[in-house]
Each structure stands twice: as structure tokens, then as C-alpha cells.
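Enquirer:
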Amino acid sequence: ISWTARTVFKMINENYGEEVLVSYLPLSHVAAQMIDIWGCMSLGGTIYFADPDALKGSLVNTLKEVRPTGFLGVPRVWEKMQEKMKAAGSKASPLKKRLADWAKSVGLQYNYSVMNGENAVPWGFMLSNNLVFKRVRAGLGLDRCTFCCTGAAPITKDTLEYFMSLNIPVKELYGMSESSGPHTVSINQYRIGSCGKVMPGCKTKLDHPDEDGNGEICFWGRHVFMGYLNMPDKTVEALDEDGWLHSGDLGKHDKDDFLYITGRIKELIITAGGENIPPVPIEDAVKTEVPIISNAMLIGDKLKFLSMMLTLKCEMDDNGEPTDDLSPEVLDFCQQHGVKSTKVSEVLANKEPAIYKAIQEGMERVNARSTSNAQKVQKWIVLGRDFSVVGGELGPTLKLRRPVVVKMYQDEINELYTAAAEQQ
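First residue of the sequence shown: 12, per our numbering; consecutive thereafter.
1) How do the stretch 223 to 238 and the stretch 255 to 266 stand: do at least 3 beta-carbon pairs fall below 8 Å, yes or no?
2) Compare the C-beta of PRO165 with all C-beta atoms of chain B and state if any pair is closer than 9 Å.
3) Mind checking whether VAL31 and GLY50 have CB atoms under 9 Å apart?
4) When the Cα atoms are used, what is the spatial distance from ILE293 to GLY311?
5) When burial is assigned at 16 or more other CB atoms within 10 Å of the CB, is ASP328 buried or exposed?
6) Under the three-state reduction of DSSP, which class applies to LYS387: helix, strand or coil?
7) Since ALA307 is in the beta strand (DSSP E), which residue starts that stretch and which ends it?
8) Is it buried or exposed, PHE60, if we count other Cβ atoms within 10 angstroms and call 16 or more buried?
9) According to DSSP, is PRO37 helix, strand or coil?
10) Going straight from the alpha carbon of ILE454 to that of ARG148, what length do you get?
11) What do you get for TRP231, buried or exposed, if any count of 16 or more other CB atoms within 10 angstroms of its CB means buried?
12) Can you tell which of SER139, GLY186, VAL355, GLY262 has its C-alpha closest to the C-alpha of GLU222?
13) LYS75 and GLY152 look like a contact to me (Cβ under 8 Å); what is the Cβ gap, rounded to whole Å?
14) Whole angstroms is fine: what's the gap from TYR35's alpha carbon to GLY150's?
15) Please return the same chain residues whose Cβ sits closer than 8 Å to the Cβ of GLU340, not counting the five positions on each side in sequence.
16) Let me make sure I understand the geometry here. Which of LEU142, VAL143, GLY118, PHE144 has the alpha-carbon closest to that of PRO133?
17) Go through the stretch 79 to 147 residue by residue and report every complete run of the alpha helix (DSSP H) that reaches 4 residues or more, in order.
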């Protein structure tokens, strides 16, 4: 563990005693242990503990007070920041909106240039930085941050590009508890959608790759664990005789050895027709096409076709539970399309045509890009409640707990497929 911490943080900053970090994830999670405890010790840094309700909305207040020099945000944290900034931006004057849009286009162009190694500074970047980017970073408490990272769950390209456009490149990390946390990192070099390159002193191999180069990601290195305590059968499943840790994730490398996660073996949906479908890319595409959607979960394992459960963006109460009130972003959509509903229950009761039409059209755009009919979403349903940690649908790092959601909404799933069968 100490070796892993020293290896990672040496890549980030060698200035001992200067790092300032914020702890907000459960310390039972390997990401929090590695950064908040071991990373901070290896750097001689200062750690500030956020309020217990950090993931319920108070985290930004802590960031603004502490102004950390580095920050790891799980994808849902970055997504929530994006939603709030978009909601605030929608209330700006037309002139400020045009200025912000122009600045963001310049910021995105600049950061793609940096990512590709060109380092070309587009015209207007310095002006955009002074007028927009510096203020945004200060407003988020990230004005001193030299590295912003994400991990623990998939993050959408839309969210990554949004922060790139604000000159806040968010770089992905990838690993497991069984590898002491990180295995690949995106520090000095990065690619959007990639979780980076393998750490120094470690190795990656793709086991049984298919014709597209997708195989099970396996780890080797000093950071790999020795096994599960008193669980020899589980240990043999995870570690092969050569010491390779089998992650259960599917991935591939590009020509520059950047690793891309393409799915998870246990999450793969195997339809009744036998086609293997990774759900995350389809779910992310739907959320990108229909921004009023908060969570999307693909269904279809051992079933004849794919369907999807959706939740609308809504307000959260002080305990982190989703309320019935639509979020400002959804309310703006409603206002623009003549929808009078202000609550999720009203949208469902009225089957609001404008909202249902927007979802269907977004779904059709996603389906149009599918590589086969089996990967098209045939049916969907809007649930009456958003997913949350309190509700049990999300884990402590806000990762979707698929088996739990299926069990909770089994009646709705059965009804969806029964209705489809009756229509046939």
C-alpha cells in the first residue's frame, strides 16, 4: 500500500509538505484510504475532513473553504457540479450566455490541443481564462488544484468535455481494492475516455482478446494483493498461478498503450438470442442525448429485447433523498416546451407529451448508432423516484447497484415485458 501511494503521488507532485486534500468518501473505500491516509502521509500533506453530508450537497462549500491542491471526485460528484453550473448558467443574461459559450468553445479547443500534445494556444484563451475560467475554478474551490481526477465508476464523455471546456481537465484513474487502488493513471498524458497508462513497476495484459482487441484486464505488480483472508476458493478465482490479478473488467489498448474500459464481465447483458451487450455505453449515450435524465439502467439479461429504466433529475432533500420536485434543469425544459408540471409525479400522471417525446427521440438517436438490432432499446419506463445512496440503488461511491435495482423494480420490469408480449 505504501509503495503504491509513493509511486502515484511521486507522479503528481514531489514537493513534500505542500499538498492540501479533502476527505469526503467513506474511509472503508480504497480510494479514500489511498488518498486521504496513505497519500497524505507519503506527501506530508494536510487533510481536511468534509461534513458527513458532503455527498448530499455540502461538498462544494468545503472545497471553497479549503481550496485543495488536488481532488478526486467520483463521477456522480462531477455530474452534480455540471448540473448545478448549467442550471445557474441558464439564468444568466443573453450577453453573459454568449460570452460563456464562446469561452467554453475556446477552452475545449485548448484542452484537446494539450491532450494531443500540440500545446497550441487558441486566440482568446487568455481572455477566456481571466473572464470565465478563473472565476469558475474559484467558485468551485478548485483554483489551487493542480490535478483533478475521477474514478470508481464510469464517467460520460459529455461531463469530461464540459469540464475541459472550463479549463478543468478531469483525468481518469482505474484500479481495484485488490490492487491497493490505482493500476492505470492519467497524470502527464491523458486521452478522453481512457483511464490512462499503467503505473511504473506494474504490468497489464488483456486475457483472451476478441477480434476487436477487447479482453479481460489483468494486473501484475507489487500493488496486487496476496489473496482474500480465509477464502482460498475466491483467491484462486482472482489470482492465477503466475500472479496475475483478473479484474473482471473488459478493455482494450490504443496504439499509444492507453487503456479503455469497454465493459464488465458480470455486468454484460446476455440476451435470449445470445448477444453480449455492455450496458454502460448505451446508458451514457441516452443520458447525453436526453439531459433531463438523471439515471438510466439497461435491462435485457436472458430476455428477448433490451429495455431501460429511467429517472428524471430532481431536487434532493437535506438527507440526500430524492424529492418529488423537478430539478431546475428539468423545470427550464418544461418552461421552454409549455409543460406546467413541476413534480415527477405530475409528469408521470400526465405522461407529459413533450417530455416523453424528448425521451423517445433521444432513444431513437441512440438506437440509430447501434451496431445491431439486438443493441437497440425497444421499451423504456420512467420511474417515480431517482436513485440514491439512501434508497439503496447507489453504493457509497455512487456506483449503480444493478442487482438491487432489478429486485426493487421487478414488478415494473415484468409489466414492461408482459405488455410488449401482449402487443405482439
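Where is the CB? At the ideal position from N, CA and C, for every residue including glycine. Note that this is a predicted model, so its numbers are computed, not measured.
Expert: Taking the coordinates as given:
1) yes
2) Chain labels in this structure do not include chain B; a single protein chain is all it has.
3) no
4) 12 Å
5) exposed
6) coil
7) 304 to 310
8) exposed
9) coil
10) Nothing about residue 454 can be read from this structure; the chain reaches only from 12 to 435.
11) buried
12) GLY262
13) 4 Å
14) 19 Å
15) GLU94, LYS97, ALA98, SER101, PRO302, ILE303, LYS324
16) GLY118
17) 86 to 100, 105 to 126, 136 to 139
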